[in-house]
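K.L.:
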Amino acid sequence: NAGVTQTPKFQVLKTGQSMTLQCAQDMNHNSMYWYRQDPGMGLRLIYYSASEGTTDKGEVPNGYNVSRLNKREFSLRLESAAPSQTSVYFCASTDPGTRHEQYFGPGTRLTVT
Amino acid sequence: AQSVTQLDSQVPVFEEAPVELRCNYSSSVSVYLFWYVQYPNQGLQLLLKYLSGSTLVKGINGFEAEFNKSQTSFHLRKPSVHISDTAEYFCAVTMAGGTSYGKLTFGQGTILTVHP
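Those protein sequence lines, which keep their order, are chains A and B.
FYI, the numbering used here numbers position 73 of the first sequence as 127, with every residue one higher than the one before it.
FYI, the numbering used here numbers position 9 of the second sequence as 1227, with every residue one higher than the one before it.
1. Report the option in T148(A), G161(A), G159(A) and Q60(A) whose CA atom is closest to the CA atom of G1320(B).
2. Spell out whether any CB of chain A is found under 8 Å from the CB atom of G1271(B).
3. Which class does A1283(B) belong to by DSSP, given the choice of helix, strand or coil?
4. How would you list, in chain order, the residues of chain B whose beta-carbon sits under 7 Å from the beta-carbon of S85(A)?
5. When DSSP labels each residue in this structure, what does D80(A) get in the three-state scheme?
6. What residues from chain A crowd round Q1289(B), counting only those whose CB sits closer than 9 Å?
7. What did DSSP end up calling G138(A) once you bin it into helix, strand or coil?
8. If you compare alpha carbons, which of A1283(B), Q1228(B) and L1264(B) is closest to G1327(B)?
9. With three or more beta-carbon pairs closer than 8 Å as the criterion, would you say the stretch 103–112 of chain A touches the stretch 74–87 of chain A?
10. For the stretch 1256–1287 of chain B, which residues have a CB atom closer than 9 Å to at least one CB atom of chain A, in sequence order?
11. Just to confirm the assignment: which complete beta strand (DSSP E) runs, minimum length 3, are found wholly within the stretch 1243–1300 of chain B?
12. Using DSSP bridges, identify the partner residues of A146(A).
13. Using 8 Å as the Cβ pair cut-off and three pairs as the minimum, do the stretch 1300–1308 of chain B and the stretch 1243–1257 of chain B touch?
14. What separation, rounded to the nearest whole angstrom, lies between the Cα atoms of R131(A) and N55(A)?
15. Whose Cβ in chain A lies nearer than 8 Å to the Cβ of Y1250(B)?
16. Would you report the Cα separation of Q79(A) and T162(A), rounded to the nearest angstrom?
17. Thinking C-alpha only, which one of E1233(B), G1315(B), Q1224(B) and S1302(B) is nearest N1279(B)?
18. Check whether the stretch 1236–1246 of chain B and the stretch 130–144 of chain A touch, using three or more Cβ-Cβ pairs below 8 Å as the test.
19. Whole angstroms is fine: what's the gap from F144(A)'s alpha carbon to D1226(B)'s?
20. Beta strand (DSSP E) containing Q60(A): first to last residue?
21. So, with DSSP's three-state summary, where would you put A1314(B)?
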């Protein structure tokens, strides 16, 4: 079991560029999440997908879009990157009815210049 | 909505000393509580969780936490720390029963630094 995998690990973008962060889990979990981590602010939820075919906004969704491609994969897209989106992005998954705790990927460190 | 406050942003301690990392939460409904640890340049790993039952919860690496409903706290403790415990620790909460689709609300994090 690889658990939760994320690509890429590092990325540098110029302001206005777009990119997609990829996430996949092999634990057959129904729910998946995208968080961003900024110093002194903990992790904040960007978007989540309660189950395949559904997505919903979290606490800080502005400037992002998501796609739940299938049960395994949940991608995060930045259409026009801004310096304020410089952060570390984590994907996580769980089965809320059974596991309760979330399992996290290794993160993507994104810098927007 | 829930909120979590970690009362210390940094906690320095000497090796083999005891440590307590403090976490308070706010919620109008029943909650599940978690502590996660993040080692440098890694993802988050679950240390322990409180769902129901005994208020003293034991986790990995010798850590334990106590749920105190009246004080809305979930403090993390370890009687004797090691250099390898140096990391950032996050307290998190979600609504009980899975009705929030497992969404977590995190505290700001506490950086534990263990000195030799």
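Ideal Cβ placement from N, Cα and C applies to all residues, glycine included.
None of these values were measured; they are calculated from a predicted model.
P.N.:
Considering the structure as presented:
1. T148(A)
2. no
3. strand
4. Y1319 and G1320
5. coil
6. Per Cβ cutoff of 9 Å: no residues; Q1289(B) is ~21 Å from chain A at best.
7. Contrary to the premise, residue 138(A) reads as Ser rather than Gly in this sequence. Three-state DSSP puts S138(A) in a helix.
8. Q1228(B)
9. yes
10. Q1256, N1259, Q1260, G1261, L1262, Q1263, L1264, K1267 and L1269
11. 1249–1256, 1262–1268, 1274–1276, 1282–1286 and 1291–1296
12. Y87(A) and F158(A)
13. yes
14. 26 Å
15. H154
16. 15 Å
17. S1302(B)
18. no
19. 23 Å
20. V58 to T61
21. helix
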